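Peer 1: My structure is below; once you've seen it, I'll send some questions.
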Amino acid sequence: MRKKWLMAIALVMSLSMVACGTIATPVPNMETLEARNQHSDVVTEPTGVVAVAQQATSTPTPAPTSTPTSTPTEAPTVEPTVEPTQEATEAVVAVPAMELSMEEEQHIIFIQEFGSVARGQTIFNTTYEVNTASGLAEWKCATCHAVDSDVAGVGPGLYSLSDRAGGRIPGMPAELYVYYSITIPAQHIVSGYPENLMPIGYSQIFSPQDIYDVAAYVLSLNK
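Take the sequence shown: its letters are residues 0 to 222, numbered as in numbering that gives the first Met the number 0.
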């Protein structure tokens, strides 16, 4: 009878365990409690690493500082100074043209319009018998005057006479100066040359047209 009773109690306990779904914790005895008390006296340091969630700290962004902007000032403009590239030259004073007679104007027109350079070259290189300081002598223009340069010989070189003749006598045209140099040479002696060096009497040997031709030839040398 006792055995049946125990079996009934066990059955009831089994059913209650099934109904609760958990196994009842057995009641510890005295030895177990003493062992737990002894074990609790030992302090164990935690070995696990506790992960601390680090809060994200945002780096403070410095507030933009406004760069002081200075008011732009215009750069001073320096006026360029032009250095003189040439030495100062003397002012050229215009010389008024000399008053010409009608005859002198005709000489200039005949030389410019009717003088023959080819005939003048032939006359220039032809030998003539002319009066000199020591008497009659054979002479030609080419004996004393170079026509391909201004190098002086017995007389001045004539190559650039067309550039120089207009300034020999202030206001006198170049054509008239050459004409008088042939017909009255003593009145138109170039500085540095002696008087009576050029033969006289060409006006008796040459016709007026011959003189115009020679003048036209001489004035054409550097053209």
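Just so you know, even glycine gets a beta-carbon here, dropped at the ideal spot from N, CA and C. These numbers come from a predicted model, not from an experiment.
Apart from the five residues just before and just after L211, which ones in its own chain have a Cβ nearer than 7 Å to its Cβ?
Peer 2: It is worth fixing the name first, because residue 211 is Tyr in this sequence and not Leu. Here the set comprises F109, I110, F113 and G114.
Peer 1: Pick helix, strand or coil for V129, following the three-state DSSP scheme.
Peer 2: strand
Peer 1: Contact check, A214 vs E174 under 8 Å by CB: the rounded distance?
Peer 2: 6 Å
Peer 1: Residues bridged to L135 by DSSP?
Peer 2: N130
Peer 1: Which residue's Cα is closest to the Cα of S206: M101, R118, S148 and E98?
Peer 2: R118
Peer 1: At the level of alpha carbons, what is the spacing between N221 and S159?
Peer 2: Near 6 Å, if we compare the C-alpha coordinates of S159 and N221.
Peer 1: Using only the alpha-carbon positions, how far apart do S202 and V129 sit?
Peer 2: 10 Å
Peer 1: What residue from M197, P172 and A185 has the CA that sits closest to E104's CA?
Peer 2: The residue with the shortest Cα to Cα distance from E104 is P172.
Peer 1: May I have a chain-ordered list of the alpha helix (DSSP H) segments no shorter than 4 residues that lie completely inside the segment 137-222?
Peer 2: Secondary structure remark: continuous alpha helix (DSSP H) runs of at least 4 residues inside the segment 137-222, in chain order: 140-143, 160-163, 173-182, 201-204 and 207-218.
Peer 1: Whose C-beta lies closer than 8 Å to the C-beta of D40 among residues of the same chain, with five residues either side of it excluded?
Peer 2: Legend: pLDDT at D40 = 48, less than 50; position of this residue unreliable, value from coordinates given subsequently. Nothing meets the Cβ criterion.
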